[in-house]
Amino acid sequence: MKSIKILERLLAAIPIMIGVAVLVFLFVRLTPGDPVDLMMGSAGSVSQEEVQALQEEFNLDKPLHTQLYLFLKNVARGDLGDSFTQREPVTNIIAGALPATIELAFGAAFFAVLFAIPIGVYSAVKQNSITDRLSMAFSFLGISMPAFWFGIILIIVFGVKLGWLPISGRLDYGFNFPSVTGLYLIDTVLARDWPAFKNAVLHLILPSIALGMQLLAILARVTRSSMLEVLRQDYVTLARAKGLREFIVIVKHALRNALIPTITVLGIQIGVLLGGNMIIETVFAWPGLGRLAVDSIFSRDFPLIQGVVMIYAFTYVIANLIVDILYTYINPKITL
Amino acid sequence: MPVTKMPDGLSEEITPGHPLIHLLQIKTKIFITDLMGFVRKLKHHPSALIGALLIIFFLVVAFFAPAVAPHDPFTGELSERLVAPSWLEGGSSQYVLGTDQQGRDLLSRIIYGARISLWVGFISVTISVLIGTLLGAAAGYFRGKLDIFLSRTADLLLAFPFLIFAVAVMSFLGPGLINLILALTFKGWVEFFRLVRGEMLSEKTKEYVEAAKANGQSNLRIILSEVLPNIIHTIIVLATLRMGFFIIMEASLSFLGLGIQPPDPAWGSMVNEGRQFMLNAWWLSTFPGAAILVLVLSINLFGEGLRDILDPRLKTE
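Line by line, the protein sequences are chains S and Z.
Numbering follows my numbering, with no gaps: position 189 of the first sequence is 191.
Numbering follows my numbering, with no gaps: position 80 of the second sequence is 974.
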């Protein structure tokens, strides 16, 4: 029964993905002006042959519905065309940038969860204490803070004034280790190159904090409120009445159930991480997907823009799908 | 008070004592009582009150910017460039928050920047509310093919993270104020659509709607004067909370160089410009960003207060 529901969910995601591809296709076509002019805008003087080659490459000489059909066919085959500026398949460029973004997203999520759950639990247990009020005020601040500004403040304080941490890129020059996964933390461990590992970790700290802060704030609030609810339940009272230590009651009996909303919100907020990484990657010169997106926009590299936007949307849809499915396993009461 | 049937056309003369005038008077009285009650409740909600006062402060400053700002935000003395804030070494009492790379007064630019943030936030939320409410009400009330089409469109737009979508739209439309508002509303209406549609679906089954139908009222009238007043509070709360979000999105786009362009003093682009001088003039990025933080914080404080007061049901957390 469950597997049928999951299959239904998976199938329902397909029209959304096709819709995403159609919308991205229309973006370029509906932009006022000739697409070729737009695409060639940055290239300077262009010969007639080049224009023709471009028209053929993008099937611009064919009617719109044929263009759309060919575009979708290529996308389905994983062919997103070639970048104008880098003269390379868009898929290769994206694949090259993806590990940096994944590493940063995990860093941010790790930072957020690491602090959010203890803060949320402590606030709930000590409801209305000064610590509770302070941490809730702090999380309200986190929600209202523009990420790019927070990143810059971190750079000014910890990079420029104190000089504790590196403020740009993923690694200093001079390290050499084989790239296996593209995730530096894993690659350096595989190569047993500990100085490089340490260097990569240090580079990851500030961007992760900047990207994860909003998530931390949201998760702390959600954990607190669901903890408050769970602590009022009969089974918690029962556990206490049995004479269990308060710590055991809170962690084993209450927290396990309180974490369900936290996990859901974490999944939903993956979008925040995805949207935010554009900003944070720009601030910290982090060579990931977000930087790629911004760079491609300024160089008006349309195939690359299309590809990156599509990858973002696909990732988002898939992430939500995974959360939906995981959710049914964590909380059997929910049916899809 | 029996609801009088509206006259068809305006042929009937409306004199003092006319039922319509009477109705209007009662409605006004109810509105004023509601407002007073709201203000009273606000007094007992300190964080919302602080938020409201700060928003008023920002509005006043933005409106009277030419009178409040000590200097012209667009022109500066190059000889006075990168002057530190007045309390620091090398600071001048003439420039309280210091000057930027062109010698322009930072405080004056921040004051003028409030106009852009408030304006973009307000306009894009208003348009999103109007479109979202209209389409949501229609979809929830009439269902059918219209509902399917609009709901699928909403699902599709939700597949994009907000900033990515706005960035993509801006990259095709080009920078500028109008395009910025367009980019924000293209996706901004979806939240309101989903809210109003959902509310409409549940309200529609209630007895008062059945009664209005039996009474022979037109669909439009039922939607506008029967159902909408019941869900308007929820819409207002969401609109307030979304406004803070839209302001951050505007600032983010301007920060990336895709929104408001220099020399216009948008806070986001000021933070971006100041980035080049991070090493020796930290104030250039810090203060405009702090302004965004305080404005969004006050809007969110006020919004959460509104939610507690107007619509306790929404308090899910």
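Here a beta-carbon is modelled for each residue, glycine too, at the ideal position from N, C-alpha and C.
Within 8 Å of the CB of Met1172/Z, the CB atoms of chain S belong to Ile154, Ile157, Ile158 and Val162, in sequence order along the chain.
Residue pairing for Thr993/Z: DSSP places it in a beta bridge opposite Asp999/Z. Around the C-beta of Ser181/S, fewer than 16 other C-beta atoms lie within 10 Å, and the residue is accordingly described as exposed. Residues of the region 1038-1070 of chain Z with a C-beta atom less than 7 Å from some C-beta of chain S are Asp1049, Leu1050, Ala1053, Phe1054, Pro1055, Phe1056, Leu1057, Ile1058, Val1061, Ala1062, Ser1065 and Phe1066, listed in chain order. For Pro979/Z, the closest C-alpha among the options Thr1180/Z, Gly1199/Z and Leu1189/Z is that of Thr1180/Z. Within the region 198-232 of chain S, the residues whose Cβ lies closer than 9 Å to any Cβ of chain Z are, in chain order, Arg223, Val224, Arg226, Ser227 and Ser228. Between Gln308/S and Val26/S, the beta carbon gap of about 5 Å places them in contact (Cβ cut-off 8 Å). The C-beta distance from Val267/S to Met19/S rounds to 24 Å, too long to meet the 8 Å contact threshold. Contact between the region 1179-1195 of chain Z and the region 1036-1055 of chain Z is absent, with fewer than three C-beta pairs closer than 8 Å. The beta carbon of Met138/S does not come within 8 Å of any beta carbon belonging to chain Z, so the residue lies off that interface. Taking a Cβ-Cβ cut-off of 8 Å, the neighbours of Ile1186/Z in chain S comprise Pro148 and Trp151, given in sequence order.
Taking the Cα positions, Asp1202/Z is about 40 Å away from Arg293/S.
Think of a sphere of 9 Å around the beta carbon of Phe142/S: the chain Z residues whose beta carbon falls inside it are Ser941, Leu1191, Asn1194, Leu1195 and Glu1198, in chain order. With respect to chain S, the C-beta atom of Leu1028/Z has no partner C-beta closer than 8 Å. In this chain, the alpha helix (DSSP H) harbouring Asn76/S covers Leu66 to Ala78. Excluding residues up to 5 positions away in sequence, Ile8 lie with their Cβ nearer than 6 Å to the Cβ of Ile327/S in the same chain. One finds nothing in chain S with a Cβ atom closer than 9 Å to the Cβ of Val954/Z; even the nearest lies about 21 Å away. Rounded to the nearest whole angstrom, the CA to CA distance from Gln1155/Z to Leu1147/Z is 10 Å. In the DSSP assignment, the residues bridged to Pro91/S are Asp84/S.
In the pairwise beta carbon analysis, the region 1171-1178 of chain Z is classified as touching the region 150-160 of chain S: at least three pairs are separated by under 8 Å. Annotation for Arg1136/Z: Val1019 place their beta carbon closer than 6 Å to its own, counting only its chain and skipping 5 residues before and after.
Given a length threshold of 4 residues, each whole run of the alpha helix (DSSP H) inside the region 118-154 of chain S is given here in chain order: 132-146.
With respect to the 8 Å criterion, Val238/S and Val224/S are not classified as neighbours on the basis of their beta carbons.
Residues of the same chain with a CB within less than 7 Å of the CB of Val127/S, apart from the 5 flanking positions on each side, are Ile252 in chain order. Looking at Phe932/Z, Ala1077/Z, Phe1086/Z and Ser987/Z, the one whose alpha-carbon comes closest to that of Leu1132/Z is Phe1086/Z. Residues of chain Z whose Cβ lies closer than 9 Å to the Cβ of Phe73/S do not exist, since the nearest Cβ in that chain is about 16 Å away.
Within the region 170-191 of chain S, no residue has a Cβ lying closer than 9 Å to any Cβ of chain Z. For Ser5/S, the secondary structure class from DSSP, reduced to helix, strand or coil, is helix. In this structure, Arg1115/Z lies away from Gly1034/Z, with their beta-carbon atoms at least 8 Å apart. Distances from the CA of Leu1152/Z to each of Ala295/S, Val232/S and Lys254/S were compared; the closest alpha carbon is that of Ala295/S. For Leu1051/Z, the CB contacts under 8 Å within the same chain, skipping 5 residues up- and downstream, are Phe1059, Phe1080, Lys1081 and Val1084 in chain order. Cα atoms of Leu1200/Z and Tyr1102/Z: separation of roughly 26 Å, rounded to the nearest angstrom.
Here the alpha carbon of Arg1009/Z sits roughly 22 Å from the alpha carbon of Leu943/Z. Between the region 965-980 of chain Z and the region 990-1000 of chain Z, the count of Cβ pairs shorter than 8 Å is three or higher; the stretches touch. Interface criterion not met: the Cβ of Ile1005/Z is under 8 Å from no Cβ in chain S.
Remark: three or more beta-carbon pairs, one from each stretch, lie closer than 8 Å, so the region 276-293 of chain S and the region 96-116 of chain S are flagged as touching.
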